[in-house]
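S.K.: Got a structure for you, questions after.
Numbering (our numbering), first residue to last: 148 to 709.
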């Protein structure tokens, strides 16, 4: 059975030992973040803080911060759901007489997907004037611009045709009834806002805080434009999502949410929003964004405020992001028949694509490195794509929303021989070279080689000159990539070094090769690829919790778990 409310899901988790109630008072400014991050790293249960300083409601966090909790939320593993979905869609093209009989469970999911009007609007049991200070809204990181709502599900409707979009955008608190609205490029809510501006039409919206987990996952999923997230949630939960009309806005809102913030976004008002400790593990810069004015707040009588923390991996968004791509990733096969599977390493963001042959497990990073070793020749297989739209949160190009991307083709090519793997003698020679380099370059703090393919160098300061030198050393010519990273990166942790490399370089500016030349206007690359992925002046700082907060949590740690 689907969960009707977030509270139902929380109680189910508690019954299985997957949620722990914290009864002692905690501070929503930084302390909760430090507790939640440690709990995730130690694989502890989700947390329900019952006594949050200055607030009138409890706070839930890490509700989806494990594969098990994701599976409990969906009723089955997201991989299984994704394969069932693609098999059904493939069977339906073209439709066959036995489709309904052979795939009845999936047909039933689709039939149940259409939203229904809720007869009992739990989210409207209490209707109140806006007082955001009553909610346990966090300040997550020390240099954040203030407190932020981090799990707000924003309901917008296209003013032209009424089509709905549900998106998740951070919301900075300005006062009791006003927040920011962080609509980035290519976001559905931002598209609707743009249309309202063109038509000069009032733009009413609603923000749900705390829906059932299926609607939460649907909100985050990267659905094609025009696909209704509420219907997709109905598909995920095999039951319609109940909706009701807002109390102060003329739009539909979830009937079983914990809280609903109703209001409007003025067409020509912006305000400085940020900084904010973001998914990249750094602060995103402050910038002007639209403003949300709240008219009413409605909520359940015993409402729970939901939140999440993002930052240096791993965080809860890893499990949420993996679940959505496990469900939707197989659908790429419908658009491109040649694609067998696709996987986004959440630590690596979105600026590099590696292509491998269909026998490779794309979720296994070591297998991907092996294919780069055997099949990648930059002369033929490297593509640079400069000056293209970039994730708003990506700071590496120093220009918001604009940067560069790259493609590495590591597929097997007929007629081309594979690269050779070095023997024990070759590896020993490289180890000797590394030892020598560490003596010759005082800026190099540590170095290691992964799978005879990727050399990582930990550098104090900027790494450009070191990378330029290393890619030309003959004893390292058998490698494919040499990357310089900063001192906060663990060279022996896959999660850490993928994050440390791929979040800190601009492909156009920071990637070099042993040999670079032009034939006419066409660039030609040969040899070893070098990446300067060190922290550079102008980059926002990485997220670090103050020592006094860490000491406070150290001291109180056992108290939280009584």
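We put the beta carbon where it would ideally sit given N, CA and C, even for glycine.
These numbers come from a predicted model, not from an experiment.
Using 8 Å as the threshold, is the stretch 607-624 in touch with the stretch 544-563, meaning 3 or more CB pairs across them?
M.R.: no
S.K.: From which residue to which residue does the alpha helix (DSSP H) around residue 624 run?
M.R.: On the chain shown, position 477 is the one that residue 624 refers to. Note, residue 624: premise wrong, no alpha helix (DSSP H); not H, not E.
S.K.: Under DSSP, the alpha helix (DSSP H) around residue 390 begins and ends at which residues?
M.R.: Taking the first residue of the chain shown as position 1, residue 390 is located at position 243. Where residue 390 is concerned, there is no enclosing alpha helix (DSSP H), although the beta strand (DSSP E) it sits in stretches over 389-392.
S.K.: Can you name the residues that DSSP bridges to residue 168?
M.R.: As a first step, residue 168 is located in the chain shown; it is residue number 21 there, counting from the start. Its beta-bridge partners are 195.
S.K.: In angstroms, rounded to a whole number, what distance separates the CA positions of residue 249 and residue 460?
M.R.: Indexing the chain shown from 1 puts residue 249 at position 102. Indexing the chain shown from 1 puts residue 460 at position 313. Residue 249 and residue 460: Cα-Cα distance of roughly 42 Å.
S.K.: Nearest to residue 282 by alpha carbon, out of 583, 706 and 174?
M.R.: Position 135 of the chain shown holds residue 282. Per the Cα distances, 174.
S.K.: What does DSSP give as the partner residue(s) for residue 213 in the beta ladder?
M.R.: Looking up residue 213 in the chain shown gives position 66. Per DSSP, none; premise fails for residue 213.
S.K.: Taking the continuous beta strand (DSSP E) assigned at residue 422, which residues delimit it?
M.R.: For the purposes of this step, residue 422 is identified with residue 275 of the chain shown, where counting begins at 1. Looking at the DSSP string, residue 422 is not in any beta strand (DSSP E), and its letter there is neither H nor E.
S.K.: Going by CA-CA distance only, name the one from 646, 500 and 526 that's closest to residue 515.
M.R.: Indexing the chain shown from 1 puts residue 515 at position 368. It is 500.
S.K.: Of the residues 602, 208 and 201, which one's Cα is nearest the Cα of residue 183?
M.R.: Mapped onto the chain shown, residue 183 falls at position 36. Nearest of 602, 208 and 201 to residue 183, Cα basis: 208.
S.K.: Taking DSSP's pairing of strands, which residues face residue 556 in a bridge?
M.R.: Here the question's residue 556 lines up with position 409 in the chain shown. Beta-bridge pairing links residue 556 to 502.
S.K.: Going by DSSP, name the residue or residues bridged to residue 663.
M.R.: As a first step, residue 663 must be located in the chain shown, where it is residue number 516. Looking at the DSSP assignment, residue 663 forms a beta bridge with 672.
S.K.: So residue 434 packs on residue 421, CB below 8 Å; how close in whole Å?
M.R.: Along the chain shown, read from residue 1 onward, the residue named residue 434 stands at position 287. Along the chain shown, read from residue 1 onward, the residue named residue 421 stands at position 274. Right, their Cβ atoms sit about 6 Å apart.
S.K.: Touching or not, the stretch 267-279 and the stretch 442-460, by the rule of three or more beta carbon pairs under 8 Å?
M.R.: yes
S.K.: Where residue 265 and residue 377 are concerned, what is the direct C-alpha to C-alpha distance, given to the nearest angstrom?
M.R.: For the purposes of this step, residue 265 is taken as the residue at position 118 of the chain shown. For the purposes of this step, residue 377 is taken as the residue at position 230 of the chain shown. C-alpha of residue 265 to C-alpha of residue 377: approximately 13 Å in a straight line.
S.K.: Near residue 385, what residues of its chain come up, given a Cβ to Cβ distance below 8 Å and the 5 sequence neighbours on each side ignored?
M.R.: Residue 385 sits at position 238 when you count from the first residue of the chain shown. So the list reads 149, 222, 255, 256 and 259, once near-sequence residues are dropped.
S.K.: According to the neighbour-count rule (16 or more other Cβ atoms, all chains shown, within 10 Å of its Cβ), is residue 589 buried or exposed?
M.R.: Here the question's residue 589 lines up with position 442 in the chain shown. Counting Cβ neighbours within 10 Å, residue 589 comes out exposed, since fewer than 16 surround it.
S.K.: In chain order, what are the residue ranges of uninterrupted beta strand (DSSP E) at least 3 long that sit wholly in the stretch 270-310?
M.R.: 273-275 and 299-304
S.K.: For residue 410, which residues does DSSP report across the bridge?
M.R.: Within the chain shown, numbered from 1, the residue matching residue 410 stands at position 263. Note: residue 410 sits in a beta bridge opposite 352 and 441.
S.K.: Here's the rule I'm using: 16 or more other beta-carbon atoms within 10 Å means buried, otherwise exposed. How should residue 473 be labelled?
M.R.: Along the chain shown, read from residue 1 onward, the residue named residue 473 stands at position 326. Label assigned to residue 473: buried.
S.K.: Can you give me the Cβ contacts of residue 479 inside the same chain, cut-off strictly under 7 Å, excluding the 5 residues immediately before and after it?
M.R.: On the chain shown, position 332 is the one that residue 479 refers to. Cβ neighbours of residue 479 beyond the five flanking positions: 486 and 489.
S.K.: If I measure Cβ to Cβ from residue 476 and keep anything under 6 Å in the same chain, skipping five residues before and after, which residues do I get?
M.R.: Position 329 of the chain shown, counted from the first residue, corresponds to residue 476. So the list reads 489, once near-sequence residues are dropped.
S.K.: Per DSSP, what kind of secondary structure is residue 331 in: helix, strand or coil?
M.R.: For the purposes of this step, residue 331 is taken as residue 184 along the chain shown, with counting starting at 1. Coil.
S.K.: If I'm right that residue 675 touches residue 660 with Cβ under 8 Å, what's the distance once you round it to whole angstroms?
M.R.: The count along the chain shown starts at 1 and reaches residue 675 at position 528. The count along the chain shown starts at 1 and reaches residue 660 at position 513. The Cβ separation is near 7 Å, so the contact holds.
S.K.: Starting from the C-beta of residue 452, find all residues in its chain whose C-beta is less than 6 Å away, skip the five residues before and the five after it, and write them out in chain order.
M.R.: Residue numbering aside, residue 452 sits at position 305 when the chain shown is read from its first letter. These residues qualify, in order along the chain: 204, 206, 282 and 283.
S.K.: Does the beta-carbon of residue 309 have 16 or more other beta-carbons within 10 angstroms, so that it is buried, or is it exposed?
M.R.: What you label residue 309 is simply residue 162 of the chain shown in a count that begins at 1. It counts as exposed.
S.K.: Closest to residue 348 by CA distance: which of 482, 414 and 688 is it?
M.R.: In the chain shown, the residue the question calls residue 348 occupies position 201. Among 482, 414 and 688, the Cα nearest to that of residue 348 is on 414.
S.K.: Three or more C-beta pairs closer than 8 Å, one from the stretch 577-595 and one from the stretch 651-666: is that the case here?
M.R.: no
S.K.: Rounded to the nearest angstrom, what separates residue 481 and residue 692 at their Cα positions?
M.R.: In the chain shown, residue 481 corresponds to position 334, counting from 1. In the chain shown, residue 692 corresponds to position 545, counting from 1. Cα to Cα, the separation comes out at about 44 Å.
S.K.: Which of the three DSSP states is assigned to residue 588 in this structure?
M.R.: Along the chain shown, one-based indexing puts residue 588 at 441. In this structure, residue 588 counts as coil in the three-state DSSP scheme.
S.K.: Suppose the cutoff is 7 Å on Cβ atoms and the five residues either side in sequence are ignored; what does the same chain contact list for residue 230 look like?
M.R.: For the purposes of this step, residue 230 is identified with residue 83 of the chain shown, where counting begins at 1. Result list for residue 230: 477, in chain order.
S.K.: Just confirm the distance between the C-beta atoms of residue 632 and residue 582, as a whole number of angstroms; I'd bet it's less than 8 Å.
M.R.: If you number the chain shown from 1, residue 632 lands on position 485. If you number the chain shown from 1, residue 582 lands on position 435. About 19 Å separates the two Cβ atoms, so there is no contact after all.
S.K.: Do three or more CB pairs link the stretch 335-352 to the stretch 398-416 at distances below 8 Å?
M.R.: yes
S.K.: What are the boundary residues of the beta strand (DSSP E) that residue 602 is part of?
M.R.: As a first step, residue 602 must be located in the chain shown, where it is residue number 455. Per DSSP, the unbroken beta strand (DSSP E) holding residue 602 starts and ends at 601-606.
S.K.: Counting pairs of Cβ atoms below 8 Å between the stretch 290-298 and the stretch 178-193, do you hit three or more?
M.R.: no
S.K.: What number of angstroms, rounded off, separates the C-alpha of residue 509 from the C-alpha of residue 493?
M.R.: Translated into the one-based positions of the chain shown, residue 509 becomes position 362. Translated into the one-based positions of the chain shown, residue 493 becomes position 346. Their Cα atoms are separated by approximately 13 Å.
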